[in-house]
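Notes follow once the structure below has been shown.
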Amino acid sequence: MSQTIAASDFRETLGEGSTPHTIAYWTATGLVTIVPLFAAFAYLTTAPQAVENFRHVGYPQQLRVLLGIAKLAGAIVLLLPRLPLLKEWAYAGFTFMWIAATVAHYVAGDKPLFLLPIALLSALAVSYVTRSGDRRVSRHALVS
Numbered sequence: 032m033s034q035t036i037a038a039s040d041f042r043e044t045l046g047e048g049s050t051p052h053t054i055a056y057w058t059a060t061g062l063v064t065i066v067p068l069f070a071a072f073a074y075l076t077t078a079p080q081a082v083e084n085f086r087h088v089g090y091p092q093q094l095r096v097l098l099g100i101a102k103l104a105g106a107i108v109l110l111l112p113r114l115p116l117l118k119e120w121a122y123a124g125f126t127f128m129w130i131a132a133t134v135a136h137y138v139a140g141d142k143p144l145f146l147l148p149i150a151l152l153s154a155l156a157v158s159y160v161t162r163s164g165d166r167r168v169s170r171h172a173l174v175s
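Each step along the sequence shown adds one to the number in our numbering, with nothing skipped, and position 137 is 168.
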């Protein structure tokens, strides 16, 4: 028997629109937007630590600029109301980015640091399943 929990099960437990539901959403969303906003600032201002981190994991510096722009755009989209299709793309982008960061830090030997992207992925999942209806893509929009 599967022990997986569906997003709808999580929403039913918290009750969409309830105070605990709203607190869970904004706490998780706040975390998954503030971290990329700070990172985007460091990446785009060529902070020495950001440059060194990219060198350390073997990433080219051009990727630092690209990720800085993507992190800034993704964080803004998650904070803005509505824009459900763009939010889906932002959630997907952060997922791919943090999976890649986990692998890069693990391979580079950053044993405790590779757990940070995993924690952020967990917060991203909470944000995703607790978001309100106006932040979701309707099933009808996907079929059209």
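In this text, a Cβ means the ideal position worked out from N, Cα and C, and glycines have one as well.
All values reported here derive from a predicted model rather than from experimental measurement.
| Check | Outcome |
| --- | --- |
| Contacting residues, own chain, Cβ-Cβ under 6 angstroms from A135 (five flanking each side not counted) | V88 |
| Inter-residue spacing [alpha-carbon to alpha-carbon] between L180 and I149 | Only positions 32 to 175 of the chain appear in this structure, which leaves residue 180 out of reach. |
| Endpoints, the alpha helix (DSSP H) within which S153 is located | L146 to T161 |
| Backbone CA spacing between D165 and L109 [nearest angstrom] | 12 angstroms |
| Spatially closest choice to L94 from A106, L75 and W120, by CA coordinates | L75 |
| Residue burial classification, A106 (beta-carbon count within 10 angstroms, cutoff 16) | buried |
| Own chain, CB closer than 8 angstroms to V66, minus 5 neighbours either side, in chain order | L151 |
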